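First comes the structure, then the notes that go with it.
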Amino acid sequence: MATRVRLEGVTKRFGGLTAVDHVTFQVEPGEFFVILGPSGSGKTTTMRIIAGFEAPDEGRVYFDGEDVTEKKPYERETAMVFQNYALWPHMTVFDNIAFGLKIRKYPWDEIRRRVKWALELVRLEGLEDRYPHQLSGGQQQRVALARALVVEPRVLLLDEPLSNLDAKLRVRMREELRELQRKLNITTIYVTHDQVEAMTMADRVAVLNRGRLLQVGSPREVYFNPANLFVAAFIGRSNLYEATVAGEGEAGYLRVEVPELGVTLEGVPLERGLRGRVYVLIRPEFVRLRGSGAGEAVLDAMLETAVFRGDRIEARFRLGTGGRILAFLDPEEALSPGASYRLYIRRDLVRILPPPRAPHEEPD
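Set out below in structure tokens:
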């Protein structure tokens, strides 16, 4: 049975710095849960508290309803894969993977059986007699993962395990790791600052900044409906503009005046009762060159730059007000810098957010 993990009001201070500030969330059994945030957000400290490597100053940690806050790391039955893999350079692949089993005093036959299973799981059969320096980065990562899985942990903890790999290998390992996690149905908590990793791997994402938990939701939820300005700016690419509420629109939309764009447009308010100063979020992929009907804002703009990215063109337009807007367009579009274009933005894809209420909600 997969394990449910819950943090309640967890706080950790280092001198005058509050690294984790009253964080509460629950990871469901078998879930791939990603903790995402910039450097210094408290994500690794949160994971170390779950693992038992750090003791919280306040709050509790529960596994399946059992309070494990005071338990040692080995008593929690977790396993952790570190950013640098932490392989023993003087040990073979076999001995690295078997290390946790040996210190737990498993019988030799059981050790061999489990290591064989783990090697097959991560597709390293035949490499058990090699040493870490004889392996590629991807193979070393697999050894670290096999060493964690061979002890059959209740919870698998991964601290930016792919950050040392090259871009192509990182993409492949994301897919393999996610497939492996689904196969084993093991509760997995993954720490990263990489938004693409979070969005492509997670069942749910927890966004942290300055030790505060800002939002927990599916990748789709945090992308389309960010809880605040920091999440809107941190997740993906965004066009963000200050605006002023101009009144209620039809069907629940809110009308706002956006001086930088020189228009009044309608959008979806992400909070009830918004008044006065607000912010407008427009994702670049929702800026289009062709209209689809009613309920669209229309902008006349001049193309400044167009960068071909293979799967899209990143186009930056300048409006008559001097404001700019970024658009992700079809890679087959024929664009001419300096030419004028008409841009269309559907109101159901525009998000209207409140201004920041505290420093941790402000974009970096």
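FYI, in this note's numbering the residues of the sequence shown are 230 to 593.
Note that the Cβ used here is the ideal one computed from N, Cα and C, for glycine as well.
Predicted model, so just to flag it, every value in this text is computed and none were measured.
Taking DSSP as the reference, what is the three-state secondary structure of residue 482?
Residue state, collapsed to three classes: coil.
Under 8 angstroms: do the segment 294 to 314 and the segment 369 to 382 share three or more Cβ pairs, one atom per stretch?
yes
In whole angstroms, what is the alpha-carbon distance linking residue 384 and residue 310?
11 angstroms
Expressed to the nearest angstrom, what Euclidean distance is found between the alpha-carbon atoms of residue 359 and residue 321?
5 angstroms
Considering only their Cβ atoms, is the gap separating residue 581 from residue 485 smaller than 8 angstroms?
yes
Determine the DSSP secondary structure at residue 303, reduced to helix, strand or coil.
helix
What residue range is occupied by the uninterrupted beta strand (DSSP E) comprising residue 237?
234 to 243
Just how far apart, CA to CA, sit residue 496 and residue 445?
23 angstroms
Can you tell me whether DSSP reads residue 321 as helix, strand or coil?
coil
Under DSSP, the beta strand (DSSP E) around residue 410 begins and ends at which residues?
From DSSP, residue 410 is part of no beta strand (DSSP E) but of the alpha helix (DSSP H) over 396 to 413.
I think residue 318 touches residue 361, with their Cβ atoms under 8 angstroms apart; what is that distance to the nearest whole Å?
The C-beta distance from residue 318 to residue 361 rounds to 5 angstroms, short enough to meet the 8 angstroms contact threshold.
What would DSSP say about residue 260, mapped onto helix, strand or coil?
coil
Considering only residues of the segment 343 to 371, which uninterrupted beta strand (DSSP E) runs meet the minimum length of 3 residues and lie entirely inside it, listed in chain order?
none
Counting only the same chain and skipping the five closest in sequence on each side, list residues whose C-beta sits under 6 angstroms from that of residue 380.
308, 329
May I have the straight-line CA-CA distance separating residue 474 from residue 277, to the nearest angstrom?
43 angstroms
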